[in-house]
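**Student:**
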Amino acid sequence: AKLIVETDTFGSRVRIKGAETGLYICMNKRGKLIGKKNGHGRDCIFTEIVLENNYTALRNAHYEGWYMAFTRRGRPRKGSRTRQHQREVHF
């Protein structure tokens, strides 16, 4: 899947949009990754964090301790069950 990464503000805040669908990756209040047509809410903005091991973690701007994560099979994990040190969070 092709993804378009758009910067939200100066610094490391980004929005991620699917090239084919035009939907933004957002996180709902339960920590589930969802797609929205309008990506201007804080739940669709992620802070890019470069870690010590040179990987990147994407932390949600609205839900501070929650990260975008995928399992080994490529399925999304709930943000409420993620931490920065977990391998599923590292991109």
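Oh and the sequence shown: position 15 is 15 in full-length UniProt numbering, straight run, nothing missing. Where a beta carbon is used, it is the ideal one built from N, C-alpha and C, also for glycine.
Rounded to a whole number of angstroms, what is the C-alpha to C-alpha distance between threonine 3 and threonine 47?
**Tutor:** Counting from 1 along the sequence shown, the entry for residue 3 is found at position 3. Counting from 1 along the sequence shown, the entry for residue 47 is found at position 47. Reading off the sequence, residue 3 comes out as leucine, not threonine. About 16 angstroms.
**Student:** Tell me, to the nearest whole angstrom, how far the beta carbon of lysine 36 is from that of cysteine 44; I am working on the premise that it is less than 8 angstroms.
**Tutor:** What you label residue 36 is simply residue 36 of the sequence shown in a count that begins at 1. What you label residue 44 is simply residue 44 of the sequence shown in a count that begins at 1. Confirmed, about 6 angstroms.
**Student:** Figure out for me which residue from Ala1, Val14, Gly22 has the closest Cα to the Cα of serine 59.
**Tutor:** The residue labelled residue 59 in the question sits at position 59 within the sequence shown. The amino acid occupying residue 59 in the given sequence is arginine; serine does not appear at that position. For the residues Ala1, Val14, Gly22, the minimum Cα distance to arginine 59 belongs to Val14.
**Student:** Taking the alpha-carbon of valine 50 as reference, which of Ala1, Ile25, His85 has the nearest alpha-carbon?
**Tutor:** One-based indexing of the sequence shown puts residue 50 at position 50. Answer by Cα proximity: His85.
**Student:** Bridge partners of isoleucine 45, per DSSP?
**Tutor:** On the sequence shown, residue 45 is found 45 positions in, with the first residue counted as 1. Answer by DSSP bridge pairing: none, since isoleucine 45 is not bridged.
**Student:** Any idea if alanine 57 is buried or exposed, counting beta-carbon neighbours within 10 angstroms, 16 or more meaning buried?
**Tutor:** Your numbering for residue 57 matches position 57 in the sequence shown. Buried, because 16 or more other Cβ atoms sit within 10 Å of the Cβ of alanine 57.
**Student:** Could you pull the start and end residues of the beta strand (DSSP E) that methionine 27 belongs to?
**Tutor:** The residue given as residue 27 occupies position 27 in the sequence shown. Per DSSP, methionine 27 belongs to the beta strand (DSSP E) from 24-27.
**Student:** Cα separation between glycine 74 and asparagine 54?
**Tutor:** Residue 74 sits at position 74 when you count from the first residue of the sequence shown. Residue 54 sits at position 54 when you count from the first residue of the sequence shown. Each residue's Cα considered, the two are about 21 angstroms apart.
**Student:** Looking at the structure shown, is arginine 81 part of a helix, part of a strand, or coil, going by DSSP?
**Tutor:** By one-based count along the sequence shown, residue 81 stands at place 81. Three-state DSSP puts arginine 81 in a helix.
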